[in-house]
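Quick note: to get my numbering, add 16 to the position in the sequence shown (first position is 1).
All C-beta atoms in this analysis are idealised placements derived from N, C-alpha and C, irrespective of residue type, glycine included.
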Amino acid sequence: MNSKSFFLRASFFMVLGGMTVSFAPIKTHQIEVNVSPLKFEQEKLNYAFDALEPAIDAQTMQIHYERHYGAYVKNANDALVAENVKETSDIALFKNIDKYSAKLRNNAGGSFNHALFWKTIRAPKADNKPTGALAAAIDKEFGSFDKFKEEFTKVATSQFGSGWAWLVLQNGKLKVGGTANQDNPLMKGIALQGTPLLGLDVWEHAYYLKYQNKRADYITAFWSIVNWDQVQRNFSAK
């Protein structure tokens with residue numbers, strides 16, 4: 017390096033040494049992402065798709081579980097985020113369901129209703145009846161198990177279009193009734209209020225491949241697959 021170049025470099029750094037160099041902060045854009053504290057999970061089945069035959073065939077169970085139920089869970093979770101839902105439980109959400117969209121109502125209801133449904137059915141059993149405290153409560157409220165079945169069957173048969181038939185616990189008493197679409201008795205504004213113990217899906221996708229338009233035959237077959245042990249647990253937990 018010659019003397020002239022050295023002098024110029026030294027002069028440059030001397031000038032810098034006496035200067036305060038400031039840099040403008042880099043502006044960043046923060047993207048707000050909605051996160052809901054509530055999330056629906058796709059309930060796992062504890063039996064094979066063909067385990068309910070002949071009451072419900074394997075193809076119906078697989079389509080019902082994977083496509084219909086899977087879609088309810090996905091769409092419910094998408095709506096929870098999109099609508100910035102702050103409720104932390106499904107029960108709290110249903111108490112305030114009128115604040116939200118039809119998409120969230122239908123899909124959250126579908127997620128909850130099916131999760132209960134899968135748990136309260138199992139492989140067919142002959143002479144399938146409840147026992148213990150639940151059986152006693154049914155006899156007290158309806159007169160007998162057969163009369164309860166008649167009343168529940170009437171609700172399920174007469175439900176116009178898509179919907180559900182329910183056995184609920186309401187203020188310590190058992191009641192039966194129906195709801196349309198994917199509504200349930202936990203939702204605000206529903207005529208039948210109470211804690212769901214047993215629900216029967218009477219949407220056509222639940223039975224049409226096997227029974228076509230014979231809903232009554234599907235309902236008759238349903239009594240052989242009710243998991244009364246689980247219904248008893250639901251009853252005892254309340």
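Separation of Y116 and E99 (C-alpha to C-alpha, rounded to the nearest whole angstrom) is 7 Å.
Check the Cα spacing between L213 and each of Y223, P201, W219 and H221: the tightest is with P201.
Using a 10 angstroms sphere on the CB of K60, the tally of other CB atoms stays under 16, which defines it as exposed.
The stretch 162–210 is shown to contain whole beta strand (DSSP E) runs of 3 or more residues at 179–186 and 189–196, in chain order. Cβ neighbours of F128 within its own chain (closer than 7 Å, five residues either side excluded): D106 and N200.
Scanning Q186, A71, G126 and D73 for the CA closest to the CA of H84 turns up G126. Taking a 10 Å sphere around the C-beta of N250, we find 16 or more other C-beta atoms and assign the residue as buried. Beta-carbon to beta-carbon, K226 and D73 are separated by about 5 Å, close enough to satisfy the 8 Å threshold.
The C-beta distance from K102 to N243 rounds to 34 Å, too long to fall under 8 Å, and the pair is not in contact. When the five nearest sequence neighbours on each side are left out, the beta carbons in the same chain lying within less than 7 Å of the beta carbon of K111 are those of K204, in order along the chain.
V171 sits buried, since 16 or more C-beta atoms from the chains shown fall within 10 Å of its C-beta. Secondary structure in the stretch 98–163: the alpha helix (DSSP H) runs of 4 residues or longer, each lying completely within the stretch, are 106–111, 118–135 and 148–158 in chain order.
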